[in-house]
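Asks: Mind looking over this structure? Questions follow.
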Amino acid sequence: MKGVVAINQEYCLNFNYPQMSCSSCVKSCSQVCIDPCLTVNDMLCNECGLCLAVCPAEAVTGENFSRQSIEQILVADVSPLVLDCQHNNRHSAWPCLGFLNGRLLLSLVLSGKDGDRQVVVDNSKCASCRPLVADWLKKLAAEITQILVKIGKQPVISGDLATDIKQPEKIVSRRAFFAQIMGAAVNAVRDGAGSSGGELLPRRQWFTEYAASLSAVNDTVSRLFYNLRISLACRTCGRCYRLCPNKAIVTADQGTALEFFHNPLLCSGCGVCARHCPNGAISLTEASKLSIYPVVLREFPRCDSCGQVYQPVSNQPVCLECFLKCSDK
């Protein structure tokens, strides 16, 4: 049965940050079913799942893309793990594989026994069904394989090679068994309360749990992750690290200067930092390193009035003390 796809305003960047105008979901939709106000037209939606995959805030939900279906796999000892859609396999948990993204696929690989699971993405028929999904999955598998090879893990298998690999008999671990029981209880409560468009898929949370080994990747350019750049225009106001929804930017006060650090594994590339920088000093680039790294050391400005070092709130040229003195006059 076709399910509802919805955008949760509580998590959507546009409803939480005044200067954001994210349109990732709108641009990804081949059916043009998401309007500029971020309302989904269910009559046009074909449940490809691409909007779920590209949302940097994980705010898009789908009734037929359940959290339980993923969590059962994460705790089960199944390898190879064959991922396919209901068009290809009526027993599949998902209407389409377009909802897969880098963090989710890496989590499925790294959650396997000894941190390595053979994952097979059966996208062999996607080109004739949903070309945009086919293109997305092809690029995704290539990017992930590039990373996995760097840390000695099994590559993701996709394309024509995927058709030759069969899913082993389903093995449900003790943890997965209890996850199923809890999931059934949650579903019963949800059904009694009525449809809400599905539940959030906490892909970053899953990824953080399994991604420790990826911090060793520091010499491969990846379009799945981002590195941060801060130009000379920075005045150390700190708005970027205060607003970052994923805490990917941290700082260290060095007395007369502020040092910035960035964690690519936490960064979603949402652009909140760049959009809200009052001096346009921030940019995001394709990642060449995945470990946390020092971005830049910027000296605090000196107050135009008293000459003391201070940390500005935005672009004001004087320290707080001098600002208050001027306000009292």
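Residue numbers (my numbering): 37 to 365.
Glycine included, each C-beta is placed from N, C-alpha and C at the ideal position.
Which residue comes first and which comes last in the beta strand (DSSP E) that contains L320?
Replies: 318 to 323 is the extent of the beta strand (DSSP E) around L320.
Asks: Can you tell which of C132, F261, E107 has its C-alpha closest to the C-alpha of Q241?
Replies: Here the closest residue by C-alpha is E107.
Asks: Spell out a yes or no on whether the stretch 308 to 316 and the stretch 48 to 66 are touching, meaning 3 or more CB-CB pairs, one atom from each, closer than 8 Å.
Replies: Taking 8 Å as the limit for Cβ pairs, the verdict is that the stretch 48 to 66 does touch the stretch 308 to 316.
Asks: Would you report the Cα separation of S128 and N100, rounded to the nearest angstrom?
Replies: Cα to Cα, S128 sits roughly 11 Å from N100.
Asks: Considering only residues of the stretch 95 to 131, which uninterrupted beta strand (DSSP E) runs meet the minimum length of 3 residues and lie entirely inside it, listed in chain order?
Replies: For the stretch 95 to 131, whole beta strand (DSSP E) runs of length 3 or above, ordered along the chain, are 96 to 98, 117 to 119.
Asks: Unbroken beta strand (DSSP E) runs of length 3 or more, entirely within the stretch 150 to 204: which are they?
Replies: Qualifying beta strand (DSSP E) stretches, in chain order: 155 to 157.
Asks: Please state whether DSSP places V257 in a helix, a strand or coil.
Replies: In the structure shown, V257 sits in coil (DSSP, three-state: anything other than H, G, I, E or B).
Asks: Using the Cα positions of L119 and V156, report the straight-line distance between them to the nearest angstrom.
Replies: Distance between the alpha carbons of L119 and V156: 6 Å.
Asks: What span of residues does the beta strand (DSSP E) with L302 cover, start to end?
Replies: Where L302 is concerned, there is no enclosing beta strand (DSSP E), given that its DSSP letter is neither H nor E.
Asks: Cα-Cα, which of A293, G274, G291, T292 is closest to I285?
Replies: The candidate whose alpha carbon is nearest that of I285 is G274.
Asks: Would you call the stretch 252 to 267 and the stretch 111 to 125 touching, i.e. three or more CB-CB distances under 8 Å?
Replies: Touching, no.
Asks: Do the stretch 319 to 333 and the stretch 286 to 305 meet, that is, are 3 or more Cβ pairs less than 8 Å apart?
Replies: The stretch 319 to 333 is in contact with the stretch 286 to 305.
Asks: In angstroms with no decimal places, state the Cα-to-Cα distance between G316 and C280.
Replies: Approximately 15 Å between the Cα atoms of the pair.
Asks: Residues in the same chain with beta-carbon distance under 7 Å from R338, minus the five sequence neighbours each way, listed in chain order, please.
Replies: Contacts found: Q344, V345.
Asks: Going by beta carbon distance, what residues of the same chain come within less than 6 Å of L80, once the five residues before and after it are set aside?
Replies: Excluding positions up to five away in sequence, the list reads Q67, C69.
Asks: Would you tell me roughly how many angstroms separate the C-alpha atoms of L176 and L140, rounded to the nearest one?
Replies: Each residue's alpha carbon lies about 11 Å from the other.
Asks: Using three-state DSSP, classify V354 as helix, strand or coil.
Replies: Three-state DSSP puts V354 in coil, outside helix and strand.
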